[in-house]
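Chains as they are written, first to last, in my numbering: chain A, -10 to 299; chain B, -11 to 230. We treat Cβ as the ideally placed atom computed from N, Cα and C, and that holds for glycine. In what follows, a structure is listed as structure tokens, so that the remarks can point back to it.
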Amino acid sequence: MKTGWALLVGVAVVGGGILLVNLGVNPYAYFAGYVVLQYVVIATAWNILGGYAGYVNFGTPAFFALGAYTAIFLIEAFQAPLPVLILAGGLTSALLGLGIGYLTLRLKGVFFSIATFALSVVLQTLIINWEYVGGAKGFTLIRPSAPFFANWGMLLFTVMVALAVVAVLAARFIERSWIGRGLAALRDNEEAAECMGVPTLRLKLFATTVSGFFLGVAGAPFPYYVTYVEPSSAFNLDYAVNALAMPMIGGTTTWVGPVIGAVLLGTAQQVATVTISSELNLLIVGVVLVLFVVLAPEGITGLARRLMGR
Amino acid sequence: MTGALLEVDGLTKRFGGFLALDRVTLHVKAGERLGLIGPNGSGKTTLINCVSGALSTDGGRILFEGRAITTLPAHQRTRRGIVRSFQIPKPFTSMTVRENLDIPLEYAAHARSHGAPAAADEAMDILRAIGLEAKAHLRPAGLTQIEMRKLELARAMAARPKLLISDEAMAGLSSAEVDDILAILFRLNEQGITIIMIEHIMRAVMRFSERVVVLDAGHRIAEGTPEEIVRNPAVEKAYLGE
Chain A
-10 MKTGWALLVG VAVVGGGILL VNLGVNPYAY FAGYVVLQYV VIATAWNILG
40 GYAGYVNFGT PAFFALGAYT AIFLIEAFQA PLPVLILAGG LTSALLGLGI
90 GYLTLRLKGV FFSIATFALS VVLQTLIINW EYVGGAKGFT LIRPSAPFFA
140 NWGMLLFTVM VALAVVAVLA ARFIERSWIG RGLAALRDNE EAAECMGVPT
190 LRLKLFATTV SGFFLGVAGA PFPYYVTYVE PSSAFNLDYA VNALAMPMIG
240 GTTTWVGPVI GAVLLGTAQQ VATVTISSEL NLLIVGVVLV LFVVLAPEGI
290 TGLARRLMGR
Chain B
-11 MTGALLEVDG LTKRFGGFLA LDRVTLHVKA GERLGLIGPN GSGKTTLINC
39 VSGALSTDGG RILFEGRAIT TLPAHQRTRR GIVRSFQIPK PFTSMTVREN
89 LDIPLEYAAH ARSHGAPAAA DEAMDILRAI GLEAKAHLRP AGLTQIEMRK
139 LELARAMAAR PKLLISDEAM AGLSSAEVDD ILAILFRLNE QGITIIMIEH
189 IMRAVMRFSE RVVVLDAGHR IAEGTPEEIV RNPAVEKAYL GE
């Protein structure tokens, strides 16, 4: 599939999303669909660093919440519109990504993961103590009437469709470019990659920055979605677990894997929340993840490849 | 010294309080076959880690083709032509044998033309020359020990080195396999590639090298032709004790 075709498919998905909005489905479907699409963005973004470069980030909540709180800050200060919030949220998290990129100079493997986890805890503590964005008691957003759409659910759903398409196209482009090949080499063996001419530091910084950007982008519309943001919801551990589990289940080496994982697990969680219990959804993730790590460590895409005899 | 491809002057490297290299000087002429020997822990691998850029240095300087490279990151040294193979093979495990060669071809040999059409023929030519073309589509996990060493050399070749540093490419191989690797290295040298060979298999180093440098405890203790080195009492002492 050429890049032109991929772009066409992307545009078609966005168009389909807009069409879907006008079909008059149960509003809850948009509400749930938003979460699944948000996880497509998160899993795809996580995978650019975790899957392509092999640096496991446990700090997804930090990046997601930084996007959300950048948005809150800009709403408080300037009443900034949604596109500005998304861009600013992405850029702030990209900066944080660049920062953890430099951590990779000294920290590898599990130590890098622990540092990113600690980052999330530190950032949450800072936000809890920052009164301007709501502090520990949280931030309540009063939404004006939704522009262009009948309600915010439909608008945000459409926005998330577009963001998911952009994130997936970006991941696909990176994977198939010289950057993706270099990242795969450093994932396999960083020292050998460097000795074969791969500028490992520069590629790692690229991966952490782009990954951070899209995680922030996923978080920026969050205040509009929930209208009430508190640190414990924005920094929820669910994001760290899901961001890791979804690509692992779908397959980490290609752009398709995180999409498959996010759609499957995200949908399963939404269904379980409604039909069984809202606490059960993480249990599903845990069980499925354990099964995959043991039985199909290369995820669904790896399993498919093996079954097709490649 | 003029005409030297690689000049290492007064190179010092410390690990905490341990002096791994103490003002080591080493000159390598273009086209030369140099053997680097020494007992375990004498600093051979540290020296080539400093030359290839995997380690920073604590003193001294390194010139390649007359230009200082002391502070260059490793990947830029590779692009200039200093390429090493690893003692324990470090293949890219998720890629096929051919794809393993595509990385240095793209990033080192053709670093300035990213995105140029994949050099499929170039990779296959190298694999053919080294006798791995039948394995081109396998993952490294499916290779034997000697094939793994050959892959290591083939991948280094794909980076188009001017100076190839072979770090114990033959350890653990059978005598026939050692001859196999030696033949490959001789052929590369005939093509104009300067080679530094680090090796514990004396038969191989002595046959291969035009000149041998001996390290012991971070010092250069001897230098000369293989015949001179074999007769050198200091070398005997370093290896066998008094």
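Taking the Cα of P72(A) as reference, the smallest distance to any Cα among V248(A), L144(A), V14(A), V24(A) is reached at L144(A). Going by beta carbons, S200(A) and L38(A) fall inside the 8 Å limit. DSSP places R127(B) in the coil class of the three-state scheme, outside both helix and strand. If you draw a 10 Å sphere on the C-beta of H63(B), you find 16 or more other C-beta atoms in it, and that means buried.
Under a criterion of Cβ atoms nearer than 7 Å, the residues of chain B adjacent to P188(A) are, in order, H63. Within chain B, T66, I91, P92, Y95, A96, R143, A147 have C-beta atoms less than 7 Å from the C-beta of M185(A), given in sequence order. When C-beta atoms of the segment 53 to 73 of chain A are compared with those of the segment 277 to 296 of chain A, fewer than three pairs fall below 8 Å, so the two segments do not count as touching. Taking a 10 Å sphere around the C-beta of V99(A), we find fewer than 16 other C-beta atoms and assign the residue as exposed. Under a 10 Å Cβ-count criterion, T93(A) is classified as buried, with 16 or more other Cβ atoms of the shown protein chains found around its own Cβ. When DSSP reads this structure, K17(B) sits in a beta bridge with A(-8)(B).
Per the coordinates, the alpha-carbon of G291(A) lies some 37 Å from the alpha-carbon of N11(A). Taking 8 Å as the cut-off, the beta carbon of V206(A) is found closer than this to the beta carbon of I75(A). From the beta-carbon of T242(A), the residues of chain B found nearer than 8 Å are S82. Interface annotation for the segment -2 to 28 of chain B against chain A: empty, criterion Cβ-Cβ distance under 7 Å.
Counting along the chain, M143(A) sits inside the alpha helix (DSSP H) bounded by residues 141 to 165.
Under a criterion of Cβ atoms nearer than 7 Å, the residues of chain A adjacent to F74(B) are, in order, A181. Cβ atoms of L203(B) and L35(B) come within 8 Å of each other, at about 7 Å.
Classified as buried, W141(A) has 16 or more neighbouring CB atoms from the shown chains inside 10 Å of its CB. Distance from the Cα of G206(B) is smallest, within the candidate group L173(B), V166(B), G29(B), for G29(B). Between the beta-carbon of R49(B) and that of D(-3)(B) there is about 5 Å, and that keeps the pair under the 8 Å contact cut. With fewer than 16 neighbouring CB atoms inside 10 Å of its own CB, K225(B) falls in the exposed class. Within the DSSP secondary-structure output, K1(B) pairs in a beta bridge with L9(B). With respect to chain B, the C-beta atom of N36(A) has no partner C-beta closer than 8 Å.
Looking from the CA of L269(A), the closest CA among V155(A), D227(A), W119(A), F195(A) belongs to D227(A). Listed along the chain, the chain A residues whose CB falls inside 7 Å of the CB of S40(B) are C184. Residues of chain B with a Cβ closer than 7 Å to the Cβ of G171(A) are, in chain order, Y95.
The beta carbon of A124(B) does not come within 8 Å of any beta carbon belonging to chain A, so the residue lies off that interface.
DSSP places V187(A) in no beta strand (DSSP E); its state is neither H nor E. Taking 8 Å as the upper bound for CB-CB distance, G23(B) and F196(B) are in contact here, some 6 Å apart. Among the residues facing chain A, A99(B) is included, as its CB has a counterpart in that chain under 8 Å away.
Closest in alpha carbon position to V12(B), among R65(B), D46(B), A42(B), is D46(B). With respect to the 8 Å criterion, P77(B) and E140(B) are classified as neighbours on the basis of their beta carbons. In this chain, the beta strand (DSSP E) harbouring S154(B) covers 151 to 155.
Contact check for G240(A) and G288(A): beta-carbon distance about 3 Å, within the 8 Å limit, so the pair qualifies.
Considering only L192(A), R161(A), V122(A), the residue with the shortest C-alpha distance to R176(A) is L192(A). Contact note: K78(B) reaches chain A through N178, E180, A181, using a C-beta cutoff of 8 Å and chain order.
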